[in-house]
Amino acid sequence: MGKTYERINGRLRAFIEAQPLFFTATAPLAADGTVNLSPKGLKGSFAVLDELTVAYLDFAGSNAETIAHLRENGRITLMWCAFQGPPTIVRVHGRGEPVFRDDPRFPELLARFPDIDHGTHGLRAIIVVTAELVRDTCGYAVPFMSYDSERDLHAKRFAREDDESLNTYFTKKEHVATSLDGLPGLPLPLPPSTV
Numbered sequence: 069m070g071k072t073y074e075r076i077n078g079r080l081r082a083f084i085e086a087q088p089l090f091f092t093a094t095a096p097l098a099a100d101g102t103v104n105l106s107p108k109g110l111k112g113s114f115a116v117l118d119e120l121t122v123a124y125l126d127f128a129g130s131n132a133e134t135i136a137h138l139r140e141n142g143r144i145t146l147m148w149c150a151f152q153g154p155p156t157i158v159r160v161h162g163r164g165e166p167v168f169r170d171d172p173r174f175p176e177l178l179a180r181f182p183d184i185d186h187g188t189h190g191l192r193a194i195i196v197v198t199a200e201l202v203r204d205t206c207g208y209a210v211p212f213m214s215y216d217s218e219r220d221l222h223a224k225r226f227a228r229e230d231d232e233s234l235n236t237y238f239t240k241k242e243h244v245a246t247s248l249d250g251l252p253g254l255p256l257p258l259p260p261s262t263v
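And the structure:
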C-alpha cells in the first residue's frame with residue numbers, strides 16, 4: 069500500500085502542488101514536550117523548490133511552535149491528504165529551518181512565491197524543508213470533502229499591520245517569542261525585511 073520515493077517529482081509533485089491544505093508536525097527534544105500539529109493553507113504560500121526541498125511562507129499568528137521546534141532540533145513532517153479524487157496521503161519527513169526576513173537568502177526564496185501577496189499576511193519567515201524520507205499511503209479512510217474557496221480573514225486581519233504594529237501584536241502573545249515549552253520562538257523585535 070505505501071511506497072517510499074527518492075525524490076519529490078512527477079506524480080508526487082503534481083499531487084502536492086494541487087492540494088489547498090497541508091499539515092506540519094514538529095516536537096521539541098524533551099520527552100514531555102508539546103507536539104505541535106498545524107494546518108497550512110493560503111493558495112500560493114507553498115512551493116517545491118527542487119526534488120528534495122520544499123518551502124512555505126510562515127505568516128502572523130498567535131504562536132510560533134513550529135519555528136521554536138525547528139530552531140531547537142530541525143525535525144518536521146509535512147502531510148497532504150486527498151479529499152477529492154483517488155485516495156492518497158503523502159508525507160515528507162525531513163529537516164526544516166526558519167529563514168527570517170533579515171537573512172540574505174530571504175529575497176531569493178520569497179521570489180519563489182509569486183502568486184501570493186505576502187504583504188497582507190504579516191510574513192514572519194519562510195520555512196525551508198529538506199526531505200529525508202518521502203512516502204505515500206492509501207488514504208482509504210480519508211473522507212471526501214469539497215474545497216469551496218480560500219478564507220479572506222487572515223489577509224483582512226493582518227493587511228493593516230506594519231512592522232511596528234506586528235511587533236506589538238507578537239509581543240502581547242505569550243507563545244510567539246517563546247514556545248509552550250519555553251523554547252526560543254520568533255526573534256523579536258521582528259527582523260526587518262530585506263525586500
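As numbered in this note's numbering, residues 69 to 263 make up the sequence shown, in order. Backbone N, C-alpha and C fix where the C-beta goes; we use that ideal spot for every residue, glycine too. None of these values were measured; they are calculated from a predicted model.
Any non-hydrogen atom of the ligand FAD within 7 Å of residue i CB
| i | result |
| --- | --- |
| R143 | In terms of ligand content, the structure shown is empty, and the ligand FAD therefore cannot be addressed. |
Local Cβ density within 10 Å of residue i, reported as buried at 16 or more and exposed below that
| i | result |
| --- | --- |
| G70 | exposed |
| A98 | exposed |
| E165 | buried |
| R219 | exposed |
| E200 | exposed |
| E133 | buried |
| R79 | exposed |
| A136 | buried |
| A115 | buried |
Residue i - partner residues in DSSP beta bridges
| i | result |
| --- | --- |
| M110 | It should be noted that the sequence gives Leu, not Met, for residue 110. DSSP lists no partner for L110. |
| R143 | R163 |
| D118 | T121 |
| V202 | Y73 and V160 |
| F90 | K108 |
| I195 | Y124 and P166 |
| P154 | The partner list for P154 (beta bridge, DSSP) is empty, contrary to what the question assumes. |
| N235 | For N235, which the question treats as bridged, DSSP gives no partner whatsoever. |
| T246 | P252 |
Nearest-angstrom Cβ-Cβ length linking residue i and residue j, presumed shorter than 8 Å
| i | j | result |
| --- | --- | --- |
| F226 | T188 | 6 Å |
Practice task
Answer yes if the stretch 148–158 comes into contact with the stretch 188–199, meaning at least three C-beta pairs across the two stretches below 8 Å, and no otherwise.
Solution key: no
Problem - Contact the stretch 177–187 vs the stretch 234–247: 3+ CB pairs below 8 Å - result: no
Practice task
Pair every Cβ in the stretch 212–219 with every Cβ in the stretch 250–261, then say whether three or more of these pairs are closer than 8 Å.
Solution key: no
Practice task
Specify whether the stretch 77–92 and the stretch 112–129 touch according to this definition: at least 3 beta carbon pairs, one from each stretch, less than 8 Å apart.
Solution key: yes
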